[in-house]
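Report on the following structure.
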Amino acid sequence: MDALSMIATAAGLGWASGVRLYAVLFFLGLLQHAGVYTLPPDLQVLAHPAVIGVSGLLFLLEFLADKVPGVDTLWDAVHTFIRIPAGGVLAAAAVA
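The sequence shown maps to residues 1 to 96 in my numbering.
Here it is in structure tokens:
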């Protein structure tokens, strides 16, 4: 992967994970597992079936929590502190 592709991947992952972290993890793992997209070596762990399963479950929970006003506020309050560092880790792993 050339430098421009790595930077673009890192920027995209950092931004998207700040919006929907578990969706990013789930779909990246699924695309790598299906052979549609090749992830950088440090991110290929996302294609492990256990990671795909857990991130898919958390994506579903996030989707459902988004529909209930009180739960949505609590979910966003907690995950604000999770999404930002996770986006940084994904971006760093994309260029490593």
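No residue lacks a Cβ here, since even glycine has one placed at the ideal position from N, Cα and C.
Roughly how many angstroms separate the alpha carbons of residue i and residue j, rounded to a whole number?
{"i": "S55", "j": "L43", "result": "14 angstroms"}
{"i": "I84", "j": "P49", "result": "24 angstroms"}
{"i": "S5", "j": "F27", "result": "19 angstroms"}
With a threshold of 16 other CB atoms inside 10 Å of the CB of residue i, please say whether the residue is buried or exposed.
{"i": "A91", "result": "buried"}
{"i": "V24", "result": "buried"}
{"i": "G70", "result": "exposed"}
Under the three-state reduction of DSSP, which class applies to residue i: helix, strand or coil?
{"i": "A96", "result": "coil"}
{"i": "P85", "result": "helix"}
{"i": "P40", "result": "coil"}
{"i": "V68", "result": "coil"}
Do residue j and residue i count as a contact pair if the criterion is CB distance below 8 angstroms?
{"i": "A86", "j": "S17", "result": "yes"}
{"i": "A94", "j": "P40", "result": "yes"}
{"i": "G29", "j": "V51", "result": "yes"}
{"i": "Y37", "j": "L46", "result": "no"}
{"i": "G14", "j": "G88", "result": "yes"}
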